[in-house]
RNA sequence: CGGGCCGUCGUAUACCGGUAGUACGCCUGCUUUGGGAGCAGGUAGAACUGGUUCGAUUCCAGUCGGCCCGACCA
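In our numbering, the protein residues as written are 1 to 408.
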């Protein structure tokens, strides 16, 4: 990608009304654009990051045997009346009447429509277990959007739903997904803590995945080594029942990047999702749901990985692997760009004629690709300056070595 | 939804009851190129409505909008 062709440009200063680091840096770098409170456009650079996050999620979800589908955003009232949640959700769900007079809503979660859908495809114990997921936009009329892209009214969610004939199957898959979640966050570069939370519907507890950060809106209690972590909802009841480990627990703010939840038969019973068991009896399907917010994960990565000059993306989710600063504009950078591209490395080539060296370096720091390569008049023929964004000394190496190092 | 702060060119800011200025951006020309270049010229702005006033961008009220704290967040 040539920087001269990029749709967006960077801003020298952040909008004065944004205080969250993720909003300030993502806006300055041209990753996102705020339309209104809690509603952000993802610009080309932002989409590249999101797509890398989503690819990781898909790989790990597919590895559990789950299959991707794509639900509708428009939902009808009848589905929601089956569980009584049409009225119950009226504060959070965008509801309206369409031109034909039908009560319609925008999806803020998909348990009801997904359960209804599953009735068409699950009717026997032989059809179980099954798991499907989507990466979809969700709408929630949040009373207070906040913290840049961390809490919006329109946001992406990966939601996975699993269907089981018995609890043993449910518990086994639930644990499998918990492990997949830890793997996903690790690959994204987020040190997520599996956190005991209130169970709500079916089981005593659910699991949240929390990343320590001061901008987080959750409070968690944990041992120093994080071998035990619980959220504020269950802290008191664990304390009363002696469920806490010995010793002093720390209290920290954290961002919830994922949540997994056993639903039991709440939705299957309400919507008539049953299966016929071996003995011929009709039983409700046992369900669980599992969510990750890819946009929130992206914002969390920025919160954890930046300095005063800009973002420092982990290689796994960086918009480009390499930011190639071309100060010489004599064809050498272009040859390097071609070589790197052919070897499978994503390169953002700053080929601008009218930008100063300082501006190019500043933009490279701001956009935050993990490696900056510089070709300038000072650079010897056949050499290139290699500078990791995360810090450390710049080194001048042969272009061939740079290509080899980056293609690994 | 309660509380607080705030709305001035695209962005960041200044000033002022009477003419809206600066920097960056953007456009033109020339000169520049290893840490946000220089010169010259140009472009573009007071959220909306009402009130006070001879006169309001400025003061007052309402509306709309943004941020922060809290409540809320299957």
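Positions of the beta carbon are idealized from the N, C-alpha and C atoms, including for glycine.
Sequence-distant Cβ neighbours of residue 254 in its own chain, meaning closer than 7 Å and more than five residues away, are 210, 211, 212, 213, 216, 218, 220. Secondary structure note for residue 137: its beta strand (DSSP E) is the uninterrupted segment 130-139. If you ignore the 5 residues before and after residue 226, its C-beta comes within less than 7 Å of the C-beta of 193, all in its own chain and listed in chain order. By the Cβ-count criterion, residue 112 is buried, with 16 or more other Cβ atoms from all chains shown falling within 10 Å of its own Cβ. Nearest C-alpha to residue 259 among 187, 290, 363: 290.
For residue 275 and residue 166, the gap between their C-alpha atoms comes out near 11 Å. Put simply, the stretch 351-359 does not touch the stretch 377-394. Fewer than three CB pairs are less than 8 Å apart. The three-state secondary structure of residue 388, taken from DSSP, is strand. Residue 287 and residue 224 have their alpha carbons spaced roughly 34 Å apart. Here DSSP, grouped into helix, strand and coil, assigns residue 40 to strand.
Contact check between the stretch 180-189 and the stretch 52-62: three or more CB pairs, one atom from each, fall below 8 Å, which counts as touching.
If the five residues before and after residue 315 are omitted, its C-beta is found closer than 7 Å to the C-beta atoms of 321, 370, all from its own chain and listed in chain order. In the three-state reduction of the DSSP assignment, residue 372 falls in the strand class, which pools E and B. DSSP places residue 340 within a helical segment (H, G or I) once states are collapsed to three. In this structure residue 140 is not in contact with residue 105, their Cβ atoms being roughly 11 Å apart against a cut-off of 8 Å. For the pair residue 119 and residue 273, the CB atoms are nearer than the 7 Å cut-off. Around residue 150, the same chain offers 296, 299 as residues with beta carbons nearer than 6 Å, after the five sequence neighbours per side are excluded.
Its chain contains 260, 262, 288 as the residues whose beta carbon lies nearer than 7 Å to that of residue 174, once the 5 sequence neighbours on both sides are disregarded; these appear in chain order. DSSP places residue 122 in the coil class of the three-state scheme, outside both helix and strand. Under the DSSP assignment, residue 407 falls in the alpha helix (DSSP H) whose first and last residues are 399-407. Distances from the CA of residue 407 to each of 347, 375, 396 were compared; the closest alpha carbon is that of 347.
The C-alpha of residue 50 is placed about 14 Å away from the C-alpha of residue 134. Annotation: residue 199 to residue 323 spans about 45 Å, alpha carbon to alpha carbon. Residue 160 and residue 267 have their C-alpha atoms roughly 15 Å apart. Residue pairing for residue 161: DSSP places it in a beta bridge opposite 132, 289.
When rounded, the separation of the alpha-carbon atoms in residue 69 and residue 177 is 18 Å. According to DSSP, residue pairing for residue 208 in a beta bridge involves 195, 259. One alpha carbon belongs to residue 91, the other to residue 101, and they sit about 21 Å apart.
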